[in-house]
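Presented below is the structure to which this report refers.
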Amino acid sequence: MIQTVHFKKYYGKHRGVEDLTLHVKAGEIYGFVGPNGAGKSTTIRSLLGMLKPTSGELLLFERPCTDRNLSEVKDRIGYLPSENHYYDRLRVKELFEYAAGYRKKDCSGKIRELCEILALDTSRLIEDLSFGNKKKVGIVLSMMHEPELLILDEPTVGLDPLMQNHFYDLLRKEKSRGATVFFSSHILSEVQRLCDRVGIIKEGRLIDEKDVKELRQTQYKKVFIKLQNGTPFRPGEAELTELTEKSGEVRFIYQGNAGDLTRLLASNEIADFSVTEPDLEEVFMHYYREDEK
Amino acid sequence: MRLFAFEMKSAWKSLLVWNVCIVGFMVFAMSMFPSFADMGSSLDDMMAGFSPEMVKAFRFDVIDFTDSMDYICYMFSYFLIAMGSLAILSGGNIISKEESDQTIDVLYAQPVTRVYIAASKIAALFAQMLVTAVLFFLGTWGILEIVANEYDFYGLVLLCVGIVLFMFLFAAIGLLLGHFIVKPARRLPFALGIVFVFFFLDIMGKISEDVGAMLHITPYHWYDGIEILESGFPPAYLAVTIAIIVGGAGLTGVLYTRKDFV
Chain A
565 MIQTVHFKKY
575 YGKHRGVEDL
585 TLHVKAGEIY
595 GFVGPNGAGK
605 STTIRSLLGM
615 LKPTSGELLL
625 FERPCTDRNL
635 SEVKDRIGYL
645 PSENHYYDRL
655 RVKELFEYAA
665 GYRKKDCSGK
675 IRELCEILAL
685 DTSRLIEDLS
695 FGNKKKVGIV
705 LSMMHEPELL
715 ILDEPTVGLD
725 PLMQNHFYDL
735 LRKEKSRGAT
745 VFFSSHILSE
755 VQRLCDRVGI
765 IKEGRLIDEK
775 DVKELRQTQY
785 KKVFIKLQNG
795 TPFRPGEAEL
805 TELTEKSGEV
815 RFIYQGNAGD
825 LTRLLASNEI
835 ADFSVTEPDL
845 EEVFMHYYRE
855 DEK
Chain B
1069 MRLFAFEMKS
1079 AWKSLLVWNV
1089 CIVGFMVFAM
1099 SMFPSFADMG
1109 SSLDDMMAGF
1119 SPEMVKAFRF
1129 DVIDFTDSMD
1139 YICYMFSYFL
1149 IAMGSLAILS
1159 GGNIISKEES
1169 DQTIDVLYAQ
1179 PVTRVYIAAS
1189 KIAALFAQML
1199 VTAVLFFLGT
1209 WGILEIVANE
1219 YDFYGLVLLC
1229 VGIVLFMFLF
1239 AAIGLLLGHF
1249 IVKPARRLPF
1259 ALGIVFVFFF
1269 LDIMGKISED
1279 VGAMLHITPY
1289 HWYDGIEILE
1299 SGFPPAYLAV
1309 TIAIIVGGAG
1319 LTGVLYTRKD
1329 FV
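Protein chains in written order, with the numbering used here: chain A, 565 to 857; chain B, 1069 to 1330.
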């Protein structure tokens, strides 16, 4: 459905995306996460033809993302930009009518349905809307023509928790209808809730790609150890991330098999310990931390 | 057609305000014509008091203020400044507004090509300029019917055709400017600078024969009202005008298909 092959985008001397190869399959919800400036929006805007790639290939529906190809497949794509900028002097319903006029189908029923779900007043002027309401306008614009592919850039920023839940329900509905969803986010918990797969982009490269279910079930453990008075922590050879040690209390994310973890625990003098399932945020936080350094 | 209609609808209010001001100013200026016509030879005495440079710069030596068409030609150069400013600002605005307002994400998410967007906007721009020129013509014609005993209708049509060409020329320059300078605040001084530099080149060229060659590069000279009424549009200037209009609009279209919507 979406494919990028060694995609590179530079703005003059500044890196947007360095080398990105990814493949989003039909019918899945793919989360695209990464720190600010990693290249998420650049990738999305390039897929939609707004930016010209410096090199590499971008494909939507197995066709190169050229201006002409895109104009033929845009009826099958819904796009929600990260920024909410619309024609301020229009009323919401006028904007919907204007956008729907470009589509080859009657979108009025779907517009009504979405506005009801999102509690959006279509009689108001765009310029009078709050940030959250403008986001709702964007959601309606992206879904009103029931596209096969939804490309969403930071879709829940600005939505209150209740609306976020409505939005998650909408996405699940879209998926059950057969739509493919590709969305970027900073909020790992929502990626964990919704996505089938997640790709981590950092400094313009895809540095990790995981199946979310598999990731949650098997690979990572969140470990807490309370050491006996004055004894040092001995990590051994284990691969630990998010390691913190304070006042004899040690916390870390462990990646490896259970036997090695048992040996690690046995090699320390422990007063108490717990091993739990980490959430996605904790698993991936080290990618962000390294970025901060 | 949808985008063309949207652009026309979006622009109508500002266009209306602009046209009311322009036509209002023309009506005001022409309403003073009967007083000038009545002054007769006393006007010549007054002109004799001006310096020779000023007489040349403002063409007092060839303009007969008691003649309605000459009077219009005198006003014409100032209307060219106004129309040129409107055209260059509108040209820059229409092609870059979606990017500067960041609404391009909404527009380009629709099933449209870049060629469609550029062509619709350029067509809407020229249509808006045409509407302005037609309203100017109607306003001027109307006031001439009221204040002048006789006037050259064909001459008035020619002047208005000149205004259309002049506006198209500056609109084409504005389109290119809008491509290279997307932010309106940054573009404004360049746009008005171009309009006024050409105007001052025209004045300088008329004052001094040493720099008279400069007249060939300023559209104010190409569309001098008196010259238009006397001998129509000089073919060379007309050819350059058409080349700039077609070249500017065409190049804008080509560049639009290649640019990044950042």
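By construction, the Cβ of each residue, glycine as well, lies at the ideal position given by its N, Cα and C atoms. Only a predicted model underlies this, so the values are computations on that prediction, with no experimental measurement involved.
Proximity of the segment 658-669 of chain A to the segment 1164-1180 of chain B meets the contact definition, three or more beta-carbon pairs being nearer than 8 Å.
Where residue 715 of chain A is concerned, the enclosing beta strand (DSSP E) starts and stops at 713-717. Judged by DSSP in its simplified three-state form, residue 684 of chain A adopts coil rather than helix or strand. By the CB criterion at 8 Å, residue 1328 of chain B and residue 649 of chain A fall outside the cutoff. Put simply, the segment 685-702 of chain A touches the segment 711-727 of chain A. At least three CB pairs are less than 8 Å apart.
A distance below 8 Å separates the beta carbons of residue 714 of chain A and residue 743 of chain A.
For the 8 Å CB-CB criterion, residue 1259 of chain B and residue 1193 of chain B do not form a contact.
For residue 1179 of chain B, at least one C-beta of chain A is nearer than 8 Å to its own C-beta.
Around the beta carbon of residue 614 of chain A, 16 or more other beta carbons lie within 10 angstroms, which makes this residue buried. Put simply, of A/770, A/765, A/729 and A/766 the residue whose alpha carbon is nearest the alpha carbon of residue 758 of chain A is A/729.
Remark: C-beta atoms of residue 1167 of chain B and residue 1250 of chain B approach each other more closely than 8 Å. Proximity of residue 662 of chain A to chain B, defined by a Cβ-Cβ separation below 8 Å, is satisfied. Rounded to whole angstroms, the gap between the alpha carbons of residue 1085 of chain B and residue 1321 of chain B is 29 Å.
As the crow flies, the alpha-carbon of residue 600 of chain A is around 12 Å from that of residue 646 of chain A. Residue 1219 of chain B sits in coil when the DSSP states are folded into three classes, being neither helix nor strand.
A straight line joining the alpha-carbon of residue 748 of chain A with that of residue 802 of chain A spans about 32 Å. The residues 1279 and 1282, in chain order, have a CB closer than 7 Å to that of residue 1272 of chain B in the same chain once the five nearest residues on each side in sequence are set aside. Taking C-beta separations shorter than 7 Å and ignoring five residues to either side along the sequence, the partners of residue 1149 of chain B in its chain run 1263 and 1267, following chain order. If you look at residue 1178 of chain B, you'll find it isn't in any beta strand (DSSP E); DSSP assigns it neither H nor E. The beta carbon of residue 1128 of chain B is closer than 8 Å to those of 1115, 1118 and 1122 in its chain, skipping five residues each way along the sequence. Listed along the chain, the chain B residues whose CB falls inside 9 Å of the CB of residue 645 of chain A are 1170, 1173, 1174 and 1177. DSSP places residue 571 of chain A in the strand class (E or B) of the three-state scheme. Listed in chain order, the positions of the segment 1236-1256 of chain B with a beta carbon within less than 9 Å of a beta carbon of chain A would be empty, since no residue qualifies. For residue 578 of chain A, the enclosing beta strand (DSSP E) stretches over residues 578-588. Relative to residue 1079 of chain B, the option among B/1090, B/1225, B/1154 and B/1126 whose CA is nearest is B/1154.
Residue 1318 of chain B is not a Cβ neighbour of residue 1242 of chain B, given a cutoff of 8 Å. Using a CB distance cut-off of 8 Å, residue 707 of chain A does not count as an interface residue toward chain B. Within the segment 1244-1312 of chain B, the runs of alpha helix (DSSP H) at least 4 residues long that lie entirely inside it are, in chain order, 1252-1275, 1287-1290 and 1293-1299. Residue nearest to residue 817 of chain A within the set A/705, A/576, A/636 and A/784 is A/784 (criterion: CA-CA distance).
The secondary-structure analysis by DSSP pairs residue 745 of chain A across a beta bridge with A/593 and A/714. At a cut-off of 8 Å between C-beta atoms, residue 612 of chain A counts as an interface residue with respect to chain B.
From the beta-carbon of residue 1325 of chain B, the residues of chain A found nearer than 7 Å are 631. Among the bridge pairs identified by DSSP, residue 763 of chain A is matched with A/596 and A/773. Nearest to residue 1111 of chain B by alpha-carbon distance, out of B/1306, B/1139 and B/1196, is B/1139. Restricting attention to alpha helix (DSSP H) runs no shorter than 4 residues, the segment 1137-1179 of chain B encloses them at 1172-1176, ordered along the chain. Spatial neighbours of residue 1201 of chain B in its own chain (CB-CB distance under 6 Å, excluding positions within 5 residues in sequence) are listed in chain order as 1228, 1231 and 1232.
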